[in-house]
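Below: the structure, in structure tokens.
Numbering (my numbering), first residue to last: 729 to 1391.
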């Protein structure tokens, strides 16, 4: 039979023998496929060995319902026979064809179902229906399936079996789901990246200790701290990652806020609990904002759980202490806190087994075991709870490992500078925005003042490593009770003006976002009862209340500003040298830098690397006041003295007891 989509063979060209198809299933779709096949299908279970002359070349399953419960068995059948498998079924008014599977290669129909489930806004409602009515909704045949549509599907499937037999990688269903509307007959294509956690086709390698190999990482310009610009790759990256049906990212949308371009990349909205689960981008133009949001969504996806290697080490700290990071150096909680009702974290016990992943310590110059709950911040199994709150702090994406580690360390520095300034109440000097050589900086402040009515100021929060860091703040001097009084943001970067511009880019959209849902009454309750501060948004809401502004009195708001420091980062053509410089500054101040490679095959498909960076002793970002990690961190107490603000260390009781204002 002629390939209905590719056309007939050329004159004189030998027509390839049609493949032998093992056809399983029932209903109108199965009958249509059987009728379209050029020879009678092989029916029944697959029993022949691949070398048998009568063995099938392709397995096809066709059904008129949404039932996928036997997909594991069908995948096993195809793997045992060493043949491709093509599934056809219906679901919610659609005929779904593929994606085809080629066991043992990754990528299978269950990968597509896992993506679809995560992207469906009605995922919860569908689960509720199944809990109430059992499997009947998924086994009921589609009543709208017409003979004409079934025949069309049959012809398409026959053409596809020929491709799967001759050149499976060229098949239309190779890592692609074809979806046909039963109402209109419209066909759409939806790319499917293999899911590295798929129970049917994933084969993650075991996690093993590895040396950190950082090859040359040339930069496009000495002042650019990336190995490549993503601007020219936007269309390709969206095709690879963004799809409402099967995409790793469900949608990418742009808009305006605070006088700039914004974007949000929604990462599996059907399973997300908070808006913070997605990727966000803010910039001066829409293209950059969209790419930033896409990259942040990929970064968050990589940081939730291991997707590149299979965790293999489970041991008590006491048994691996010589080659493991001591969790107590990361800032845990006072022992009595773990006995609070509903406290979700477990007391650290050196004798209790926990899961570990392999990272790399720059101070030791060797691989180091890191508690999995600090390397990844996704949900934990009951048998392996986390010791403390962990989030995306220190997670970063790049075009190579050096870039990912470099920007992960920049994020650690930004959050550490902000939180250290807050908890130690450091009188960070105010800077003169008009002194910036980049005139876009004072213009950004002027735009916020003109468009939103907020006065903008910034404070230099650079710590002992000398990496430029800033705290930006917008204040509503008019005191409108219907909107937040103050909003804060932060930035850190080797170029001080780049760090300041980053903080200001966050400030404008942050004002509009907080103002949109601002509730003065709730803000007052959060102000009076800090234990009510439980989510990320609560921190910004509390400090939007005008009475909270007095808590920022340690910042010299009214003092004379000073010019922005013109500290010049050494100019280099290779990012590996910049990473060595930045890491060296931390090592010189007595702090280790530890990195975990969190790159999985999904990110590698786009040419990305991802890393989680930990710096024991620094202040880690937390959301929810009861989860603050300020205990047993001697550096936090020493910082006012080290920076020359005091002649002695702080006592633990002198740390700021209030929820931080990081939005």
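Just so you know, even glycine gets a beta-carbon here, dropped at the ideal spot from N, CA and C. Predicted model only: the values in this text are computed from it and were never measured.
{"Asked": "Can you find a CB in chain D that lies within less than 8 Å of the CB of residue 891?", "Found": "Chain labels in this structure do not include chain D; a single protein chain is all it has."}
{"Asked": "Do you know how far the Cα of residue 783 is from the Cα of residue 776?", "Found": "Legend: pLDDT at residue 776 = 48, less than 50; position of this residue unreliable, value from coordinates given subsequently. The alpha-carbon atoms of residue 776 and residue 783 are separated by roughly 5 Å."}
{"Asked": "So, for residue 1295: in the same chain, excluding its five sequence neighbours on each side, which residues have a beta-carbon less than 8 Å away from its beta-carbon?", "Found": "1194, 1196 and 1224"}
{"Asked": "Per DSSP, which one or two residues make a beta bridge with residue 886?", "Found": "DSSP lists no partner for residue 886."}
{"Asked": "List the DSSP bridge partners of residue 1201.", "Found": "1185 and 1216"}
{"Asked": "DSSP three-state label for residue 916, please.", "Found": "strand"}
{"Asked": "What residue from 1144, 870, 789 and 1115 has the CA that sits closest to residue 882's CA?", "Found": "789"}
{"Asked": "For residue 1262 versus residue 1120, is the C-beta distance shorter than 8 Å?", "Found": "no"}
{"Asked": "So, at 6 Å on beta carbons, what are the nonlocal neighbours of residue 989 in its own chain, with the 5 sequence-adjacent residues on each side left out?", "Found": "1011, 1013, 1014 and 1017"}
{"Asked": "Please look up how many angstroms separate the CB atoms of residue 1219 and residue 1251, rounded, as I've assumed it's under 8 Å.", "Found": "Rounded, the Cβ-Cβ distance is 25 Å, inconsistent with contact."}
{"Asked": "Would you report the Cα separation of residue 1384 and residue 963, rounded to the nearest angstrom?", "Found": "47 Å"}
{"Asked": "Going along the chain, which residues of its own chain have a beta-carbon closer than 7 Å to the beta-carbon of residue 1373, five neighbours each way excluded?", "Found": "1154 and 1155"}
{"Asked": "For residue 965, collect the residues of the same chain with a Cβ closer than 8 Å to its Cβ; drop the 5 residues on either side in sequence, then sort them by chain order.", "Found": "958, 1019, 1022 and 1334"}
{"Asked": "Can you give the Cα-Cα distance for residue 1083 and residue 1240, rounded to whole angstroms?", "Found": "42 Å"}
{"Asked": "Output needed for residue 1205: all residues of its chain with C-beta closer than 7 Å, excluding positions within five of it in sequence on either side, in chain order.", "Found": "1183"}
{"Asked": "With DSSP run on the structure shown, which of helix, strand or coil describes residue 929?", "Found": "coil"}
{"Asked": "Report the residue from 1332, 1379 and 1328 whose alpha carbon sits nearest the alpha carbon of residue 935.", "Found": "1328"}
{"Asked": "To the nearest angstrom, how far is it from the Cα of residue 1025 to the Cα of residue 800?", "Found": "30 Å"}
{"Asked": "What do you get for residue 974, buried or exposed, if any count of 16 or more other CB atoms within 10 angstroms of its CB means buried?", "Found": "buried"}
{"Asked": "What I want to know is whether the C-beta of residue 869 ends up closer than 7 Å to one or more non-hydrogen atoms of the ligand ADP.", "Found": "Within the structure as shown, the ligand ADP is missing, as the structure has no ligands at all."}
{"Asked": "Within 8 Å, do at least three Cβ pairs link the stretch 1353–1367 to the stretch 1134–1154?", "Found": "yes"}
{"Asked": "Grab me the residues of residue 1274's own chain with a C-beta within less than 7 Å of its C-beta, minus the 5 sequence neighbours each way, in chain order.", "Found": "1207 and 1213"}
{"Asked": "Express the C-alpha separation of residue 1189 and residue 1281 in angstroms, rounding to a whole number.", "Found": "15 Å"}
{"Asked": "According to DSSP, is residue 896 helix, strand or coil?", "Found": "helix"}
{"Asked": "Could you spell out where the beta strand (DSSP E) holding residue 1081 opens and where it closes?", "Found": "1081–1089"}
{"Asked": "Evaluate the contact criterion for the stretch 1031–1043 versus the stretch 935–945: three or more CB pairs, one atom per stretch, below 8 Å.", "Found": "yes"}
{"Asked": "Where does residue 776 fall in DSSP's three states?", "Found": "Here the model assigns residue 776 a pLDDT of 48, short of 50, so the residue's position is not dependable, and the following value carries that caveat. Reduced to three states, the DSSP call for residue 776 is coil."}
{"Asked": "I think residue 1152 touches residue 1368, with their Cβ atoms under 8 Å apart; what is that distance to the nearest whole Å?", "Found": "5 Å"}
{"Asked": "Hey, is the stretch 823–841 in contact with the stretch 892–912, meaning 3+ C-beta pairs nearer than 8 Å?", "Found": "yes"}
{"Asked": "When we look at the beta-carbon of residue 747 and count the other beta-carbons within 10 Å, is it buried (16 or more) or exposed?", "Found": "buried"}
{"Asked": "Could you give the C-beta distance for residue 1127 and residue 954, rounded to a whole number, given that I count them as a contact under 8 Å?", "Found": "7 Å"}
{"Asked": "What residue range is occupied by the uninterrupted alpha helix (DSSP H) comprising residue 1169?", "Found": "1168–1180"}
{"Asked": "Within the chosen definition, does the stretch 1130–1137 reach the stretch 1289–1307 through at least 3 CB pairs nearer than 8 Å?", "Found": "yes"}
{"Asked": "Apart from the five residues just before and just after residue 765, which ones in its own chain have a Cβ nearer than 7 Å to its Cβ?", "Found": "749 and 886"}
{"Asked": "With 16 as the cutoff for other CB atoms within 10 Å, does residue 967 come out buried or exposed?", "Found": "exposed"}
{"Asked": "Hey, would you say residue 1106 sits closer than 8 Å to residue 1058, going by beta carbons?", "Found": "no"}
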